[in-house]
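J.:
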Amino acid sequence: MKSRLLASAAERTFILVIEPEEEAFDAIRRFAPTENINAASVTAIGAFSTATLAFFDLLSREYKEIPVTEQSEALSLLGDITLDENDTPNPHLHVVLGFADGSTRGGHFLKGVVRPTLEVVIRETPAELRRSYISDFGIALIDPAK
Numbered sequence: 001m002k003s004r005l006l007a008s009a010a011e012r013t014f015i016l017v018i019e020p021e022e023e024a025f026d027a028i029r030r031f032a033p034t035e036n037i038n039a040a041s042v043t044a045i046g047a048f049s050t051a052t053l054a055f056f057d058l059l060s061r062e063y064k065e066i067p068v069t070e071q072s073e074a075l076s077l078l079g080d081i082t083l084d085e086n087d088t089p090n091p092h093l094h095v096v097l098g099f100a101d102g103s104t105r106g107g108h109f110l111k112g113v114v115r116p117t118l119e120v121v122i123r124e125t126p127a128e129l130r131r132s133y134i135s136d137f138g139i140a141l142i143d144p145a146k
């Protein structure tokens with residue numbers, strides 16, 4: 001992975017160019033603490049040789065994995081980075097993947113092996129954002145009050 005700081009003011013903007021065969025979600029997760037990113041928005045475009053998406057089932061409170069075993073393009077990858085309850089920065093990302101036949105699949109982005117590139121823009125916000133576990137839903141959600 002390569003990175004460069006694009007702006008430095010009240011907020012910083014980074015670009016990450018994730019290399020072929022690198023796992024994208026883990027690369028983004030590893031990058032955030034190296035730059036002390038506690039809150040940010042994330043966007044990306046690129047492509048994957050394989051990926052794993054998921055759909056959160058509210059009734060079962062489980063993520064249902066959606067394996068993708070063919071080359072795909074990240075038509076839209078969006079999300080954020082927030083602090084979890086252990087003060088660890090964690091990405092929460094969604095993606096829409098496009099395929100050669102024009103079809104798409106989307107969901108929570110759990111992992112993706114990059115081929116040939118993934119261009120990620122991370123825009124830091126000046127305030128911390130935290131996720132807290134909400135037992136009614138069985139997931140951690142952003143709590144603006146914290």
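Under my numbering, the first residue of the sequence shown carries the number 1, and numbering increases by one thereafter. All C-beta atoms in this analysis are idealised placements derived from N, C-alpha and C, irrespective of residue type, glycine included.
Determine, using beta-carbon pairs with one atom in the stretch 63 to 70 and one in the stretch 8 to 17, whether at least three such pairs fall under 8 angstroms.
T.: No: the two stretches stay apart, fewer than three of their Cβ pairs being nearer than 8 angstroms.
J.: How far does the beta strand (DSSP E) with residue 40 in it extend, from its first residue to its last?
T.: First-last of the beta strand (DSSP E) with residue 40: 39 to 57.
J.: Can you look up residue 69 in the DSSP assignment and give me helix, strand or coil?
T.: Coil at residue 69, not helix or strand.
J.: Please determine, among 86, 72, 106 and 58, the residue with the shortest C-alpha to C-alpha distance to residue 136.
T.: Here the closest residue by C-alpha is 58.
J.: Within its chain, find whatever has a CB closer than 8 angstroms to the CB of residue 26; leave out the 5 residues flanking it on each side and keep chain order.
T.: Cβ neighbours of residue 26 beyond the five flanking positions: 111.
J.: What span of residues does the beta strand (DSSP E) with residue 109 cover, start to end?
T.: Run containing residue 109: 104 to 124, per the beta strand (DSSP E) assignment.
J.: When the Cβ atoms of the stretch 49 to 56 are set against those of the stretch 123 to 136, are three or more pairs found closer than 8 angstroms?
T.: Counting Cβ pairs under 8 angstroms, fewer than three are found: no touch.
J.: Less than 7 angstroms between the beta carbons of residue 114 and residue 20, yes or no?
T.: Yes. Within cutoff.
J.: Apart from the five residues on each side of it in sequence, which residues of its chain come closer than 7 angstroms, Cβ to Cβ, to residue 10?
T.: Cβ neighbours of residue 10 beyond the five flanking positions: 126.
J.: Since residue 89 is in the beta strand (DSSP E), which residue starts that stretch and which ends it?
T.: Residue 89 -> beta strand (DSSP E) spans 89 to 98.
J.: How big is the Cα-Cα spacing for residue 76 and residue 100?
T.: Their backbone Cα atoms lie some 16 angstroms apart in a straight line.
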